[in-house]
Each structure stands twice: as structure tokens, then as C-alpha cells.
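In the numbering used here, the protein residues as written are 1 to 121.
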């Protein structure tokens, strides 16, 4: 019989992480399908926003599957590790590309930055 094989605290943590993983998947899906509409978690070219979204979708799926299998008392399967290894570099690459894109935009405008902490010319 399939049942939860952990204590109450581990179960609560696993459920919380699963909900968090589903939120990551939803946020990443929004970035993939609507790259420049709210919620806008990353700024840059469309391909950067979609790459970031894809990384978050992969990360959310892997995390949800891992937590679900751990709650069921099973060991996570090797495809979950592959998804983690794919999501990590995509996420790092997209954040780096977004930072480079913002840096180039600031250089092009002569240093004028709009926002709360930016310098204004």
C-alpha cells in the first residue's frame, strides 16, 4: 500500500516545497508564454525572459516530482536529477544575460537609469 513514510514535520515541509515548486512552474510558464507582461520577474530581451521561464518550469517540475516521490517513501528517479542539471545552467545563463542586457542599455542611454535606486541625469 502506498502511504506517506515520514513524520508530520517532514510531511509539512514536503507539502510546502511542493506548493512552492508549483508556484515556480506557474511563474516560469507565465514568463515563457507572456515574456513582457506582469508578473515580470526578469528584464531583458524576449529570449532571455523565455529562457528564464523555461528554467523555472524545469526547476518547478523537478522539485515537485522529487518532493512527491519523497513523500511517498520512494527515491527520486534519475530524470529529476537531469532536470535539475538542465535548469541550473539555464537559470544562471538567463540571469547573466539579463544583467548584461541592462548594463548595455544603461551604457547606451549615457547612464540615465530610471527606478528607485538609479541615478537620474
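Virtual Cβ for every residue (Gly too), placed ideally from N, Cα, C.
From a predicted model like this one, the values you see are computed outputs, not experimental measurements.
Can you tell me whether residue i is helix, strand or coil according to DSSP?
i	result
residue 37	coil
residue 43	coil
residue 7	coil
residue 19	helix
Would you mind giving the Cβ-Cβ distance between residue i and residue j, rounded to the nearest angstrom? I have them listed as a contact below 8 Å.
i	j	result
residue 55	residue 36	Not confirmed; about 17 Å, so no contact.
residue 23	residue 70	Contact doesn't hold; Cβ gap of about 18 Å is too wide.
residue 27	residue 45	About 19 Å; that fails the 8 Å criterion.
residue 67	residue 21	6 Å
Taking residue i as the reference, which of the options has the closest Cα?
i	options	result
residue 62	106, 107 and 83	83
residue 99	90, 43 and 53	43
residue 88	57, 26, 108 and 19	57
residue 94	52, 60 and 22	52
residue 60	12, 91, 104 and 9	91
residue 79	65, 73 and 30	65
Quiz item: Which full runs of the alpha helix (DSSP H) of 4+ residues lie inside the segment 32 to 110, going along the chain?
Solution: Whole alpha helix (DSSP H) segments, 4+ residues: 46 to 71 and 78 to 108.
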